[in-house]
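Notes follow once the structure below has been shown.
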Amino acid sequence: LTDLSPDRRVATRQNPWLLLSGVVTLLVLLPITALVTVAVRGSTGLWAHLFDYVFPVALRDTTILLGGIGLLAGVIGAGTAWLVTFYDFRGRTIVAWALLLPLAVPTYIVAYAYLDILHPVGPVQTALRSLLGVDSPRDFRLPDIRSMTWCIVLLSFVLYPYVYLPTRAMFMMQAANLVDAARTLGTSRSALFFRVALPLARPAVAVGLSLALMEALNDIGASEFLGVRTLTVSIYSTWVTRSDLAGAAQIALVMLIVVVSLVLLERWARRQRRYAHDAQHPRTLVPHQLGGARAAIALVVTSIPVAIGFLAPAAYLVQAAVARVRFAGVSGAIVSEAINTLWVSLIATAIMMVCAVVVVYAVRVGRGQLPTVLARLAAVGYAVPGTVLAIGLLPVTTIIDTIADWGTVTLFGTTVGLLMISSGAAMVYAYVGRFLAVTVGGVEAGFSRVSPSLDDAARTLGHGAGSVLWRVHLPLTRPALATAALLALVDCMKELPATLLLRPIGFETLATHLYGEAVRGTYEDGALAALTIVAIGVVPVIVLARVGHSIR
Amino acid sequence: MTRLWSSAGTAAALAGLIAFAAVPASAQELNLYTTREPGLMKPLMDAFTKSTGIKVNSVFIKDGLAERLAAEAAKSPADVLMTVDLGNLIDLVEKGLAQPVKSAVLEKAIPSNLRGPNGDWFTLSLRARVLYADKDLDLTAFNYESLADPRWKGKVCIRSGQHPYNTALIAAYIAHHGEAKAEAWLRGIKANLGRAATGGDRDVARDIMGGICDIGIANSYYVGLMRSGAGGPEQVKWGSAIKVILPTFEGGGTQVNISGAVIAKHAPNRAAAIRFLEYLVSDEAQKIYAEADYEYPVKAGAPIHPLIAALGTLKVDSLQLTEIARYRTSASKLVDKVGFDR
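Residue numbers (my numbering), protein chains in the order written: chain A, 1 to 552; chain B, 1001 to 1342.
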């Protein structure tokens, strides 16, 4: 019946949303297309070498790394989300938001910090030796942390919030009715988790894990530093050490295809499940009250991820930064670097939010598969390592500059020069291309909770698609939108490789400053910058926690 | 819709605002793209500005310097390009991103084997790939070949084999002994590693102090940076936990790498760029290279920092640097082949 409504017909005929969504997707895909052209220009001579010596181990290590992180981060994220949602215990409200704090800590900083903390000459082992009465680390020391196991552990403890956040939201939104129903049917509390809550949370866990795993896959800093050679590190040595950009582009594209296939496979596997939400009667879940030892255990279990993923590295950074400031003073540059970081990240986040709303709304008002395909493609940049994407973006900036130049020369008789890079727009473009998946996922999750009957009702009252978006979807999904924006903002602030390559002359962010120091081998020199990154990152994370709270 | 466009417009306007970071290229300025850490370049840039009045704007780029220049093409504001590895420097020349210059000052200051034959690249300072050893170890001389000696099983620390500093060392080994012997040598070192081949050069000293390793390979200037206290009190301890030996190839000398520069192909401030390079080989600047960065000056007779001079007399290996650069790709592939970094 709705098909006959005049608005819907108008929308189908012109569908500006589909057009806009197409433009956004095209812009995201341009750098990747550029990579394809680079890749096909190269020879395939490299592949014999790769198959013989690189892939067997790189694939094995990548699989172990991602498998390990998937398991550990999934268990931590979903498990803590379950505990703080379904049980009430002393301290719950604090850990519920504190569990998000590791989001503020970039993976490379965690790796640096833990090497210092756990090194044989670091504080932990030094204390241990004096406790045991051993003089020299040559007589007693713990196994080195530069290993696969530690890489999995450390990355899991900073990446689990990607799982925790959507899973908890899903539990709070949807679980109440079903959980009550299951309890009425006599399901035990632990069976509830496995038979009701977990299957229910599967889309959220899947979305969260895919973000976490792509972060892990594209991480260069931490895994390289801990001596784990992933596929991404192989791409790096092919490109940087052997100056074979074409070969690196080839590996990157193959990796992209594998990642996209995996994501599609997961979606296909749950294609027939529906996760409808009863919009009219959202009920608040009443958590089960824990007391005594059980409450203490719950508090300890939920505090461990916060301690490992945030408190320990943050405390270390504070101590290192204080020592550094005493030794070398504070450079005034750090203020301008912090402002730069925030500024660029805010602009990129604003653009990403607009793009994400366009892309997701196009799916809602459009028909057929095309808008959905566009939405999936728009998110593909997240599966490409930051530097690789940045390299693909370089020729695109050249094209845009040439067009802009032609335009201004024709119109005003003046040249704009290197517009994209010198204005910082190239950097913003890279952030948007890379992190759009984060905002698209968040907006999608928000919009999926708005019942389609609301759209239809508004349409019947004579509102067009744009008006419905403005008056219905955006106001109703504000918390989800804020969550998406904040996640993207934190991601932008932590971004290093694309920033390093695409920033204008004389423009430093906190991440580039820290990296400049880290390259010299003195992580302590960068402690203040690292601490500032974490501190600035904590602000949106706390806002995020408050937003999450207000959803209830 | 209109709202949508207006927010997009606002965003675009905001993007325009950060253009404050753009630096116009004027006659009294100079733009430097460097893969060298900004902290190490700053004293030199400041001294140049003080002596000439020419302001140096710089951007530190780690990977992708060549790609960015190629994309910027004729519009590139870059005047001078600096790298800390000869392979990377020659790469810029071979990709057509540099231009040759003729300067009597540069030719006089830099020995002919340390600059391009057409004046297309120039060495500014030298660093040696040296041995850090536990200070209590009974060891006074060393050659690179014995890194593979089973005597050191589980005792060797070194950064990633794919790092330019190490590919250059392996390339030098190939140039001396051929690829087959280099492979056996690398397998030997791999079997001797005390921990994953990763981290930085200073980690070698710290890991020796921490008892993880007995010996390791690292660059010479880090000794100065650690022992001088420039890196803080912790690093003084690392620096004093080791002793440093200048190793040699059998029948050769110590392997050195360079920090160097080229003039960008489309340098808008070419004259200022040449002045900058000429300044960097002046006595004053070479002294800064030695004093602030603990490197070996490229100019004959320029003073070496006492902390570095104390390491012993550097006997530079006689191999041509360009010869070493030629084997860089083979070296990198060997690292993959023997699984050095795993």
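No residue lacks a Cβ here, since even glycine has one placed at the ideal position from N, Cα and C.
- For A/His-288, the secondary structure class from DSSP, reduced to helix, strand or coil, is strand.
- At a beta-carbon threshold of 9 Å, the residues of chain B lying near A/Tyr-53 are Lys-1333, Asp-1336, Lys-1337, Val-1338 and Gly-1339, ordered along the chain.
- Looking from the CA of B/Tyr-1132, the closest CA among B/Gly-1229, B/Ser-1220, B/Asp-1079 and B/Ser-1282 belongs to B/Ser-1220.
- The beta carbon of B/Met-1041 sits closer than 7 Å to the beta carbons of Thr-1034 and Ser-1058 from its chain, once the five residues preceding and following it are set aside; these are given in chain order.
- Relative to the Cα of A/Ala-314, the nearest Cα in the group A/Ser-243, A/Ala-530 and A/Ala-426 belongs to A/Ala-530.
- Rounded to whole angstroms, the gap between the alpha carbons of A/Leu-72 and A/Pro-199 is 18 Å.
- With a contact defined as Cβ atoms closer than 8 Å, A/Met-172 and A/Thr-85 qualify at about 6 Å.
- For B/Ile-1061, the chain A residues whose Cβ falls inside 8 Å of its Cβ are Leu-500 and Leu-501, in order along the chain.
- CA-to-CA, the gap between A/Val-450 and A/Tyr-361 works out to about 12 Å.
- About 4 Å separates the beta carbon of B/Pro-1100 from that of B/Asn-1118, a gap short enough to meet the 8 Å contact definition.
- By the Cβ neighbour-count rule, B/Gly-1251 is exposed, with fewer than 16 other Cβ atoms within 10 Å of its own.
- The three-state reading of DSSP puts B/Asp-1136 in coil, since its state is none of H, G, I, E or B.
- Annotation: B/Glu-1323 has no Cβ neighbours in chain A at a cutoff of 9 Å; minimum Cβ distance is about 18 Å.
- In the structure shown, the three-state DSSP call for A/Val-344 is helix.
- The beta carbon of A/Gly-91 lies closer than 7 Å to those of Leu-299 in the same chain, with the five residues before and after it left out.
- Secondary structure at B/Tyr-1033: strand, using DSSP grouped into helix, strand and coil.
- The three-state secondary structure of A/Asp-455, taken from DSSP, is helix.
- Check the Cα spacing between A/Ala-390 and each of A/Trp-17, A/Gly-22, A/Ala-34 and A/Val-23: the tightest is with A/Ala-34.
- Contact check between the region 423-442 of chain A and the region 345-356 of chain A: three or more CB pairs, one atom from each, fall below 8 Å, which counts as touching.
- Using a Cβ-Cβ cut-off of 7 Å, A/Leu-155 does not count as an interface residue toward chain B, since no Cβ of chain B sits closer than that to its own.
- Within the region 1074-1111 of chain B, the complete beta strand (DSSP E) segments of 3 residues or longer fall at 1080-1083, listed in chain order.
- The continuous alpha helix (DSSP H) containing B/Asn-1166 extends over residues 1164-1177.
- Legend: CB atoms of the region 404-420 of chain A lying less than 7 Å from CB atoms of chain B belong to residues Gly-417 and Leu-418.
- Contacts with chain A at 7 Å (Cβ-Cβ) include B/Arg-1195.
- With a contact defined as Cβ atoms closer than 8 Å, A/Thr-341 and A/Met-427 miss out at about 11 Å.
- The closest CA to that of B/Cys-1213, considering only A/Pro-137, A/Leu-393, A/Tyr-162 and A/Leu-165, is found on A/Pro-137.
- For B/Ile-1242, the uninterrupted beta strand (DSSP E) run begins and ends at 1242-1245, by DSSP.
- Between A/Val-110 and A/Val-54, the C-beta gap is not smaller than 7 Å, which leaves the two residues out of contact.
- Proximity of chain A to B/Ala-1073 at the Cβ level (cut-off 9 Å) is accounted for by Thr-398, in chain order.
- The region 401-420 of chain A makes no contact with the region 57-71 of chain A: fewer than 3 CB pairs, one atom from each, lie closer than 8 Å.
- DSSP assignment within the region 214-272 of chain A yields the following whole alpha helix (DSSP H) runs of 4 residues or more, N-terminal first: 221-225, 231-236 and 245-269.
- The shortest C-alpha to C-alpha distance from B/Ala-1261 to any of B/Lys-1095, B/Leu-1124 and B/Ala-1310 is the one to B/Leu-1124.
- For B/Thr-1198, the chain A residues whose C-beta falls within less than 8 Å of its own C-beta are Arg-146, Glu-224, Phe-225, Leu-226 and Gly-227, listed in chain order.
- For A/Asp-52, DSSP assigns no beta-bridge partner whatsoever.
- According to the DSSP assignment, B/Val-1256 belongs to the beta strand (DSSP E) that extends over 1256-1264.
- Between A/Gly-433 and A/Gly-381, the C-beta gap is smaller than 7 Å, which places the two residues in contact.
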